[in-house]
Amino acid sequence: MSKSYDPIIRLEHVSKVYNEYGTKVLALDDISLEISRGEFVSIVGPSGCGKSTMLHCMGLLDRPSSGTIYIEGKDTSKISGKEIALFRGYRLGFVFQNYNLIPRLTVLENVMLPGLIMGKNKKDVEHRAYTLLRETGISHRADHRGIHLSGGEQQKVAIARALINNPVIVLADEPTGALDTKNSLDIMNLLSKINREKRVTFIVVSHDNNISRYGNRKILLKDGKITEDIKKKNRRKYEHT
Amino acid sequence: MDISRHLAWGEVKEHKRIYGIIIVVISLTMTSFMLENAYLNYMMQVVNDTTKIITADVIIANSDYTIRDLYGTGCELRNAGEIADRIERELPGYETSIRVTAQGTYGIGAAGEGADACSIQGIDPLDDSISDIRSKIVEGRFFKEDDPILRGHTPFYIKIRGPGSLPDFTYGTGQRLLKNEKPYPIIVGATAAKLHPSLIKVGKTLDLTISMSGRETSYAGITVKIIGLYESGTPTLDAIVWFMHVDSLREIKGYGNITGRDWYIPGVGTFRGFNPIEIDRKRGDVVLVKAPEPFYQLDPIGYSEEVKKKICSIVPNLKVFSWHDFLVYIAGSMQDVVTLMVWGSMAVTLFLCGATIKYVMDSIILRKTREIGSLKAFGARDRLIFKIFLYQGLFIGIIAGVVGIIVSVIVMNLVSWYGLSMEFIAGTQLDIGFIVNWITILVALLLPIILSVLAAAFPAKKAAGLSPVEALRKGELSL
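These protein sequence lines map, in sequence, to chains A and B. Convert by adding 1 to the 1-based position in the first sequence; the result is the number in the working numbering. Convert by adding 17 to the 1-based position in the second sequence; the result is the number in the working numbering.
Next up, the structure:
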């Protein structure tokens, strides 16, 4: 049984500098942060404030220019590329703004994909994929191809896919960015439900301040710096007006 | 199925149009290669078989022999019998045959016909496994026991000593048959019969002037009777190579114990009478050697060189020619040039196909950048991404190779069914046939696979090396 670490993610003086056409752009500026297991963290801020960069660094898709990121107590700067891939596959789940479903695969196959990439037994993965599709309310479209689904349905598939390997953290980059209000509401309710029931840590990045209503913690980023970090006592239900 | 293979197959299906075009081009290239190669193999087989009528696997001749002499102008090989015995003793499984050769001219003085030449090969009908002329007879018959192989007398024989340093001049036999004499039986090529229809027919007698051993200026005028026509498969050879009984040629050339009285006329020469000759079957002009059939027939030229080397080590002071030496003499390196052209044109087409595969995959990768980024986010390692694109190349190569082989087999069967043939000299027809050996199939299958895998390896490496975050940021928004 895996050891329970808390905090599950810790950022120590993390900075990220991009070199764009010879000009250095500071995307993250000395960020230090701790996120506990089971938290639902909303990272909000205007476009270009560094929130996606922060998510990518926490998701081990990108390495910080300086500072250290610890996930489950492990210093991620000291692990190899192969281990990082395994870490991403087994411990992290990703939800993207544009869903990133593979169009030629069916809904079921899309959900199964990360499990199969990690070399898990096909039958087990298939069984779990069906369970997740039921939980996300999309099992009736299991045999359809992803591109034939609506945006909201596609995002539900993407959420099921993110959960296939039982991750400890799910990182969602603008999960409602391409959806209408009703579908955004559905998706946020779904994420919130999964967070409550499965105790999976959610880190959601959005430019939409309304999203922050869902989480029990809101981090406001501006110019690569944390300007606000608010922990709420009670989760407020998202209300669309 | 392994996930990388599954995804790769999905990619191939998704891009079936462009990959389909590439597959069609590669498979047609392989079809053309297979057909050309199989036809070349067939032609080689025909030429090999017919060339071996003259040379077997290798031929041993005097040290001053040239390859031109294989047509029958050569001199006697001393100790031919001993050499043949030695080869069979030292190389078990090897067969030898002593052959006597001569060069003939016919049609001299015939009305309406030009004189023509022929190479006369003296074969032993009881030991004809090397040439196997018996099976090639298309009209008339092969030699029989009661054929007048020997005339039973020493041919009229004049030897005039050459004045000074000039060689002696020898003339044997008479052009006209004496009373009760029968002409020597001879088997002629079917092409020669087509070239000289009034002179050459089964049952017809013919006067031949024979140059028996070119370097000693020895001639004979003899009469022959055409008992059969043969077809070897190469009409060009059938126009010039004729077959006599080896003992007939021994008698004509005086290979034996010539008895009789000599009359010496001072200042003119020696005349020898009409006494019988005791044929010496150990004497001959060349020794043909047939090697055992090799276990594999992939490289017949290489095998003939191997046999030649073995024979050379036994008779280092004599000339040894392989059938390939003779083939190069009669056809030059034409076959090598054709082979080179077949391979060259295939290489150019395949190179272009490889470049197209690389270009297509490059553009696919550009479109699939975000998908690659997603796969990496889901835990896919570089190796898996590399394999997805490499497998695409593999699938293209396998399909193209298999389709190419199937199409070429269909075309070959259609050609054989239709019975295509091509015209040779004197209106002779040579069937177009194909010989497919497993190395041709292997090349037709492996070459497109190797090519497409190699062509896919470069874009695959590029895709595998993409940074996940860059891949997610770039690429198309819509997958």
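Backbone N, C-alpha and C define an ideal beta-carbon position, used for all residues, glycine too. All of these numbers come straight from a predicted model, not from anything done at the bench.
Checklist entry - So, does the CB of A:N101 fall closer than 8 Å to a CB anywhere in chain B? => result yes
Next on the checklist: Is it buried or exposed, A:L221, if we count other Cβ atoms within 10 angstroms and call 16 or more buried?
Outcome noted: buried
Checklist entry - Opposite A:Y19 in the DSSP bridges: which residues? => result A:V26
Item to check | A:L102 - containing beta strand (DSSP E), residue span | outcome: Note, A:L102: premise wrong, no beta strand (DSSP E); not H, not E.
Checklist entry - Given a limit of 7 Å on CB to CB distance, which residues of the segment 107-122 of chain A reach chain B? => result L114, P115, L117, I118 and M119
Next on the checklist: Any contact between the segment 69-83 of chain B and the segment 339-349 of chain B? By contact I mean 3 or more CB pairs, one from each, below 8 Å.
Outcome noted: yes
Checklist entry - Residues of chain B with a CB under 7 Å from the CB of A:H57: which are they? => result V486
Checklist entry - Does DSSP classify B:A119 as helix, strand or coil? => result strand
Checklist entry - What does B:A25 touch in chain A if you count any residue whose Cβ is under 9 Å from its own? => result By Cβ distance, chain A contributes nothing, its closest Cβ being about 12 Å from B:A25, past 9 Å.
Checklist entry - Name the chain A residues that come within less than 7 Å of B:R387, Cβ to Cβ? => result N101
Next on the checklist: Cβ closer than 8 Å: which chain B residues qualify as neighbours of A:D63?
Outcome noted: S484, P485 and V486
Checklist entry - Just the Cα atoms here: how many angstroms apart are B:I204 and B:I467? => result 52 Å
Checklist entry - Any beta-carbon of chain B closer than 8 Å to the one on A:S3? => result Caution is warranted here: a pLDDT of 46 is assigned to A:S3, below 50, making its placement in the model unreliable, and no coordinate value can be reported.
Next on the checklist: Short of 6 Å in beta carbon distance, which residues of its chain neighbour A:M43, apart from the five on each side in sequence? Order them along the chain.
Outcome noted: Residue identity check: residue 43 of chain A is Ser in the sequence provided, not Met. Contacts found: V205, I212, S213, G216 and K219.
Item to check | A:K121, DSSP secondary structure in three states | outcome: coil
Checklist entry - Who pairs with A:D76 in a beta bridge, going by DSSP? => result A:Y71
Item to check | Three-state secondary structure (DSSP) of B:D149 | outcome: coil
Item to check | Positions along the segment 72-87 of chain A whose CB lies within less than 7 Å of some CB in chain B | outcome: K83, A86 and L87
Checklist entry - By the criterion of Cβ-Cβ separation under 8 Å, what are the contact partners of B:S391 in chain A? => result F95, F97, N101 and I103
Next on the checklist: Using 8 Å as the cut-off, can you tell me whether the segment 53-61 of chain B makes contact with the segment 239-247 of chain B, which would need three or more C-beta pairs spanning the two stretches below that distance?
Outcome noted: no
Checklist entry - Can you give the Cα-Cα distance for B:V41 and B:A256, rounded to whole angstroms? => result 44 Å
Checklist entry - Across which residues does DSSP place A:T202 in a beta bridge pair? => result A:I170
Checklist entry - Would DSSP call B:V219 helix, strand or coil? => result coil
Next on the checklist: Determine, for A:G60, whether the minimum Cβ-Cβ distance to residues of chain B falls below 8 Å.
Outcome noted: yes
Item to check | Whole-angstrom distance between A:F97 and A:K194, CA atom to CA atom | outcome: 19 Å
Item to check | Neighbour list for B:F498 in chain A, Cβ cutoff strictly below 9 Å | outcome: Residue 498 of chain B lies beyond the range of chain B shown here (18 to 496); nothing can be said about it.
Checklist entry - How about A:L61 and A:I85: do their beta carbons lie closer than 8 Å? => result yes
Checklist entry - Should A:Y319 be flagged as near chain B, meaning a C-beta pair shorter than 8 Å? => result Look at the range of chain A in this structure, 2 to 242, and you will see that residue 319 of chain A is not part of it.
Item to check | Partners in chain A for B:R34, counting only beta-carbon separations shorter than 9 Å | outcome: Simply none; closest approach about 14 Å.
Checklist entry - Expressed to the nearest angstrom, what Euclidean distance is found between the alpha-carbon atoms of B:A55 and B:I458? => result 10 Å
Checklist entry - For A:S207, which of helix, strand or coil comes out of DSSP? => result strand
Item to check | Per-residue burial, B:Y320 [other beta carbons within 10 Å of its own, 16 or more giving buried] | outcome: buried
Next on the checklist: Does the CB of B:A473 have a neighbour CB from chain A at under 8 Å?
Outcome noted: no
Next on the checklist: Taking 8 Å as the threshold (C-beta atoms), are A:K25 and A:P65 in contact?
Outcome noted: no
Checklist entry - Which residues of chain B have a Cβ atom closer than 9 Å to the Cβ of A:G152, listed in chain order? => result Within chain B, no residue comes near A:G152; the closest Cβ sits about 12 Å away, beyond 9 Å.
Item to check | Sub-8 Å separation of B:I389 and B:A480 beta-carbons | outcome: yes
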